[in-house]
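Peer 1: One structure follows; several queries about it will come next.
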Amino acid sequence: MNRRYLTTPIYYATGDPHLGHAYTTVLTDTLARYYRQTGAEVRFLTGTDEHGQKMQETAAKKGLAPIELADQMAKSFEAAWKDLNISFDRFIRTTEPEHIGVVRAFLERLWSKGQIYDDVYSGWYCVQEERYWTEREVGADRICPDCKRPVEFVEEKNYFFRMSDYQERLIQHIEDHPDWIVPVTRRNEILGFLKKPLQDLSISRPKSRLSWGVTLPFDPDHVCYVWVDALINYVTASGLLDPDGGPDQPGFTDPGNSWWPASLHVMGKDILTTHAVYWPTLLMAAGLPLPKQILAHGWWVMGDQKMAKSVGNVVDPLALREDYGTDGVRWYLLRDMPTGSDASYTPQRFQARYDELANVLGNLASRAISMIVKYRDGIIPEAAGAGLDVEIESTLSAVTEHMDALRVHDAMAAAMDLARTANGYVDRREPWAQAKDPSRAEDLDETLASLARVLTVLTALFLPATPEKMTALASQLGLKSVPTFEEARSISLGGLRVEKGTPLFPRPDQ
């Protein structure tokens, strides 16, 4: 069975979504739509991470209970993803009773296997990152290496996961599966990280300091470390683990009804270590399969800084959407960032990518449909000629190859190149000249039929990135829906009636 279980990270619910969040989610959505185009059954998960010290402190500053802040932010993220036409199948919240039950069952399993022990921890703690650092890592200035904020010295009882026991097994898995982490630069980063001895992982916080979290099943005075709680959401949404399963029960549902293991975890590179080290070792200890693949993309930067709420340099994707439309924002995100690398946002680059949509794809659609209306009364003619068949087939193959390799930006470039080729075809064939010469009626039919076919193929190719506009274009072409890649190869268009529509990608001032 061709099934794909795709996940974004669950976003920390202390602030509204920004361009970085939008990129991760649109990228995952594009892959999900592509897999559906190829006939796969897809489960697409996103959601919000709602426990932890930052949530507790942010809520207090706002005069809210943590759950009230969590409710507000969950609504904000879910609404934003609907506005950006994100086709998620499940929106999870870590405050859901089902997830809390699964976290407790997961921890109970580790505890019963002897994978968790208690000890006293003394060290430097960063509230912003919600993690501990060593003396060497914080240096003489006592600054968090990640967020550059001051850390505080903490001494307290914690529970620890025996993560160090799984270091060699994890290294072996990465080496045996070269494509498990992509791109290769991120894989190499993790292998470099694993050259140093792996420390055991603190998985709890005392309720005397932090009450907002999942209570440990074996100690009511401690809550689960937020990152452990958050990572388990992927299992919760898969339906694999029974939240009512205790240490003497296997805790599995019917494997045939479960989506686990995940086909692909998608995330920014800043949280790769948690997904490629913490998460697989936790799964190994629990006796659960590892995710099949991890894609760690780059950062959106402004100048030389990562775009982040804490820095105050975020771009609101919904504000861009108001001027350029949902698909304009989606196209920019996918087209301008090479998958896996960093990209710099500027208004000029955004405009250039939008102009590409309008002047290449939008212009082709307007020209072709207008000429079919003008020269053939809106009816797509039958034609025996091959037209752009060779270019269409090579592009379908290229896009499939790029998407399967998670090179989404290359797939989008190949699709746009086909639209450029089709515009060149119009200029070479000069249908306006063919229409003036009755002896060239068959040539004109071939030109118009070829343009209708290439537009139909383009609706399939662009659908994962620009679903709203490609659905509209398919309707203008007389199609009931956007075809799959296979349908686009052989679809019969002769006799369909086309209709002019409003410009697909109008200028913001129009």
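The sequence shown begins at 56 in the numbering used here and counts up by one. Note that beta-carbon positions come from the ideal geometry of N, C-alpha and C, so glycine has one too.
Label residue 254 either buried or exposed according to how many other C-beta atoms from any shown protein chain fall within 10 Å of its C-beta, with 16 as the threshold for buried.
Peer 2: Classification of residue 254: exposed, given that the 10 Å Cβ count is below 16.
Peer 1: Taking residue 321 and residue 150 to be in contact with their CB atoms under 8 Å, please state how far apart those CB atoms are, rounded to whole angstroms.
Peer 2: Wrong, their Cβ atoms sit about 23 Å apart, outside the cutoff.
Peer 1: Cβ of residue 84 within 8 Å of Cβ of residue 131?
Peer 2: Result no, Cβ atoms of residue 84 and residue 131 do not sit closer than 8 Å.
Peer 1: Considering only the beta carbon of each residue, do residue 312 and residue 154 sit closer than 8 Å?
Peer 2: For residue 312 and residue 154, no; Cβs fall outside 8 Å.
Peer 1: What residues are listed by DSSP as bridge partners for residue 322?
Peer 2: Answer by DSSP bridge pairing, in chain order: 351.
Peer 1: So residue 176 and residue 133 are in contact, right, with Cβ under 8 Å, and what is the actual spacing, rounded?
Peer 2: With 8 Å as the limit, residue 176 and residue 133 do not qualify as a contact, their Cβ atoms being about 36 Å apart.
Peer 1: Which complete beta strand (DSSP E) runs does the segment 136-162 hold, if anything under 3 residues is left out?
Peer 2: Listed in chain order, the complete beta strand (DSSP E) runs (minimum 3 residues) inside the segment 136-162 are 145-148.
Peer 1: Less than 8 Å between the C-beta atoms of residue 387 and residue 443, yes or no?
Peer 2: It is not a contact, given that the beta carbons lie outside the stated cut-off.
Peer 1: Put residue 500 into one of helix, strand or coil per three-state DSSP.
Peer 2: If DSSP states are grouped into helix, strand and coil, residue 500 belongs with the helices.
Peer 1: Over what stretch of residues does the beta strand (DSSP E) that includes residue 418 continue unbroken?
Peer 2: Careful: residue 418 lies outside any beta strand (DSSP E), inside the alpha helix (DSSP H) at 418-431.
Peer 1: Would you check if the segment 410-420 and the segment 466-474 touch, i.e. whether three or more CB-CB distances between them fall below 8 Å?
Peer 2: Touching, yes.
Peer 1: Provide the residue(s) that pair with residue 41 in DSSP beta bridges, ordered along the chain.
Peer 2: Lying before the first or after the last residue shown, residue 41 is absent from the chain, which here runs from 56 to 565.
Peer 1: So what does DSSP say about residue 548, is it helix, strand or coil?
Peer 2: It is coil, neither helix nor strand.
Peer 1: Less than 7 Å between C-beta atoms, sequence neighbours within five positions excluded: which residues of the same chain meet that for residue 519?
Peer 2: So the list reads 85, 88, 89 and 92, once near-sequence residues are dropped.
Peer 1: Check whether the Cβ atoms of residue 559 and residue 528 sit closer than 8 Å, and answer yes or no.
Peer 2: Result yes, Cβ atoms of residue 559 and residue 528 sit closer than 8 Å.
Peer 1: Just list the residues that DSSP pairs residue 330 with in beta bridges.
Peer 2: In the DSSP output, where bridge partners are listed per residue, residue 330 has none listed.
Peer 1: Pull up the distance between the alpha-carbon of residue 215 and that of residue 283, whole angstroms please.
Peer 2: Straight-line Cα distance between these residues: approximately 11 Å.
Peer 1: Helix or strand or just coil, what does DSSP make of residue 383?
Peer 2: Residue state, collapsed to three classes: helix.
Peer 1: Taking a contact to mean a Cβ-Cβ separation below 8 Å, would you say residue 436 touches residue 500 in this structure?
Peer 2: Against a cut-off of 8 Å, the Cβ pair of residue 500 and residue 436 comes out as a contact.
Peer 1: In chain order, which continuous runs of the alpha helix (DSSP H) of length 4 or greater are located wholly inside the segment 457-533?
Peer 2: Listed in chain order, they are 463-484, 486-491, 496-517 and 522-531.
Peer 1: For residue 466 and residue 553, I'd like the C-alpha separation in whole angstroms.
Peer 2: For residue 466 and residue 553, the distance between alpha carbons rounds to 28 Å.
Peer 1: Could you tell me which of 80, 261 and 199 sits nearest to residue 281, measuring between CA atoms?
Peer 2: That would be 261, whose Cα lies nearest to the Cα of residue 281.
Peer 1: So for residue 64, helix, strand or coil by DSSP?
Peer 2: It is a strand residue.
Peer 1: To the nearest angstrom, report how far apart residue 381 and residue 353 are at their CA atoms.
Peer 2: Taking the straight line joining both Cα atoms gives about 22 Å.
Peer 1: For the beta strand (DSSP E) holding residue 178, just list the boundary residues, first then last.
Peer 2: It spans 171-181 - the beta strand (DSSP E) in which residue 178 sits, taken as one unbroken run.
Peer 1: Grab the span of the beta strand (DSSP E) containing residue 186 for me, first residue to last.
Peer 2: Looking at the DSSP string, the run of the beta strand (DSSP E) that includes residue 186 is 186-188.
Peer 1: With DSSP as the reference, label residue 398 as helix, strand or coil.
Peer 2: Residue 398 falls in the strand class under three-state DSSP.
Peer 1: Closest to residue 538 by C-alpha separation, out of 139, 561, 512 and 223, would be which residue?
Peer 2: The residue with the shortest Cα to Cα distance from residue 538 is 512.
Peer 1: Under 8 Å by Cβ, that's how I've got residue 121 and residue 315 pegged, so tell me the actual separation to the nearest angstrom.
Peer 2: Going by Cβ atoms, the distance from residue 121 to residue 315 rounds to 29 Å, so no, they are not a contact pair.
Peer 1: Among the residues of its own chain, which have a CB less than 7 Å from the CB of residue 404, if the five just before and after it don't count?
Peer 2: Excluding positions up to five away in sequence, the list reads 391.
Peer 1: Please work out which residues of its chain come closer than 6 Å, Cβ to Cβ, to residue 258, disregarding the five sequence neighbours upstream and downstream, and give them in chain order.
Peer 2: Cβ within range, chain order: 214, 216, 280 and 283.
Peer 1: What's the C-alpha gap between residue 510 and residue 187?
Peer 2: Each residue's alpha carbon lies about 55 Å from the other.
Peer 1: So, residue 557 versus residue 463, is the Cβ gap smaller than 8 Å?
Peer 2: Cβ distance not < 8 Å, so residue 557 and residue 463 don't count as in contact.
Peer 1: Who are the Cβ neighbours of residue 111 in its own chain at under 6 Å, not counting the five residues just before and after it?
Peer 2: Around residue 111: 121 and 267.
Peer 1: Taking contact to mean at least 3 C-beta pairs separated by less than 8 Å, is the segment 328-347 in contact with the segment 156-165?
Peer 2: Segments in contact, yes.
Peer 1: Under the three-state reduction of DSSP, which class applies to residue 255: helix, strand or coil?
Peer 2: If DSSP states are grouped into helix, strand and coil, residue 255 belongs with coil.
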